[in-house]
Every structure is written in C-alpha cells, then in structure tokens.
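If you number the sequence shown the way our numbering does, the last residue is 267 and the count never jumps. Okay, structure first, notes after.
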Amino acid sequence: MARKGRGPRTETHTIAGGEAELLRDADRDGGWVLLVGSVPQSYVDLSDPTYLDFEYMQLMGAVVDAIAPAGEPLDAVHIGGAGCTLPRYVAATRPGARQVVLEPDGELVRLVRERLPVKGVPGLRIRITDGRSGVAALPAAADDLVVLDAFAEASMPSDLATREFVLDAARVLRPGGVYLANVADGFRLPFARRAAATIASVFRHTLLMGDPGVLRGRRFGNLIVAASREPLPVAELTRRAAGGVTRARLLAAGELAAFCSGAAPLHDGEDIAVPVPPPQVFGKS
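Have a look at this one:
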C-alpha cells in the first residue's frame, strides 16, 4: 500500500472489543483501513465515499444500486457499524436516505466519530446497542433495507444468524424491502449453507453472490446473501457480479436450492459453530 516517498501511517486504539488499528492508505489520500484484532473490518475513503475497496463490499454496493432506481432515497438499518462504509455509500448515492447504524462497541463508535468522521454524513444516526436489541426496538414495516455486516473480529455473532433474528429483521422491512447479509465461511461452507437456508426459510426470494473459489468451498471468504418478499433483480445482479472488478458468481432459484440442500435453518438455543478463518487469511502466523 506504500507510495514512493510516503509511508503508511498506523494508529492503535483500545476499544471494548480489543485493539483497533487505523492504517492510512498511502495510495489514496482519504483512504483508511480499520482493523480490529488485526482483522480488516472496513475500508473508508473520506474523500470519496462511493469508493468501495473490499470485494464483498463491492457486491453489497451492487445490490444497493440495483434494488431501487438510481438516486432514489432508501431508509436503511445497518447491523454492525465499524467504519460505516456502506452507510456512507448509500448517503452519497441516494441523497435523502435515512439510516441508522446499530453498533454495540461504544469505544469503536467514539473512535470512528473522531478519526473517520460521520457527522457530515446526512441522514445517518448511530445507536450504541447490540443487533438483537436494536432491531427489536425498531418499528415494523419502516425500512427499505436491513444490512447485516456484524463481526466480532472475524466471526459473525451466532445470535444474528438464527431464523428468529431473521424473522425480526423481516418485520422491520416494508413489503418490497431487502435483507442483505455478509456471511463468512471456508472449507465446504457448512455454516454458509445453513445461513443461506435460514434466510431462504423467511424470504421467498433469496440469492447468494461470491467469488467462485469461495463458493466452491476451496478457500475462506465472504458471501453475500440478498433476500426479499418480492422478486429481486436477479438478471441485473448476475450481470453486475460477472462484469464488475470483482468477478463473482450468483446463485438463485434451483442453484441456490442445491447449494442449501440438506442444510437446516439455524435456531436460537442451538449450539452454533461459527467459522473462524485460518490464521494465514489475515497474515497471522
């Protein structure tokens, strides 16, 4: 990431979830990477909020772009805040959007407010609360988009993967609203298959996008699930996934059913094995 004559700048901060680092991208003047426990959580470009660096975030941005006409405001809930990359993107591409971020780590929120300012992001509020409590407090049928992108370092909190939680998230959505989830998994994808089956058990229309190698269960990575009570723009998203900087594959209908075959939905009270990436994924030894 280093640019000739200018080295990257790193800051270390203590937060409730451990140690957070801010690493300046020397190749982009406004670019910062936020890491927690040495795991990259967000890339934020303060000069250009429409720039999405992480591959999975590019796919999430593609969904946001496709679910409503360009520039049309959306009311959105984001479960998991970190650097607020997607909320910044929505605010920039859909003026008039109203958004709330649910983030349980108050120290992380303070750090982001101070070092990656969100005060100037129109229509954005941050609530310091966990995802389950925060969603439970929201009114029914009030939002167009619910985004689940919550990780404790590199693992999704298991209570946000269950059918009971997805049902509550569905309650918050308007009839044509979209549920968008970032799921991470590795070899053979046992968790991702169950997570996708869980979401598909709640929403009639569900699709899955990801890097072909990750989808084949050959390496650890992120998969994006989008779901709605109404039909999704599958053809458009298939083109976007295949033609973007990140070449991804999309599964829907029969292909998604085959992907989820034999995978039971996740439920509260179950002992859920949430996948942890192998050390080499983030350069740990």
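Glycine residues also receive a C-beta, built at the ideal position from the N, C-alpha and C atoms. Computed from a prediction, not measured in an experiment: that's the story for all the values here.
Non-local C-beta neighbours of D47 in its own chain, meaning closer than 8 Å and more than five positions away in sequence, comprise T75 and R222, ordered along the chain. Secondary structure of D250 (DSSP, three-state): coil.
With distances taken between CA atoms, P260 lies nearest to F169 out of R211, A163 and F169. Distance from A246 to R176 at the Cβ level is roughly 6 Å; contact confirmed, criterion being Cβ atoms closer than 8 Å. Beta-bridge annotation (DSSP): I49 is not paired with any residue.
With a threshold of 16 other beta carbon atoms within 10 Å, A136 meets it and is buried. Proximity of the region 113 to 120 to the region 142 to 156 meets the contact definition, three or more beta-carbon pairs being nearer than 8 Å.
Annotation for L93: H(-5), I(-3) and A2 place their beta carbon closer than 7 Å to its own, counting only its chain and skipping 5 residues before and after. A distance below 7 Å between beta-carbons, with the five flanking residues on each side excluded, links P213 to the following residues of its chain, in chain order: H187.
Counting only residues of its own chain and dropping the five nearest sequence neighbours on each side, F241 has a CB closer than 7 Å to the CB of R175, A178, L190 and L233. Taking the C-beta atoms as reference points, L127 is found no nearer than 9 Å to L171. Distance from L28 to L98 at the Cβ level is roughly 7 Å; contact confirmed, criterion being Cβ atoms closer than 8 Å. Spanning the alpha carbons of S183 and A209 requires a straight line of approximately 10 Å. Note on V103: 16 or more other CB atoms within 10 angstroms of its CB, so buried under the neighbour-count rule. I110 sits close to G88, with the two beta carbons spaced by under 9 Å.
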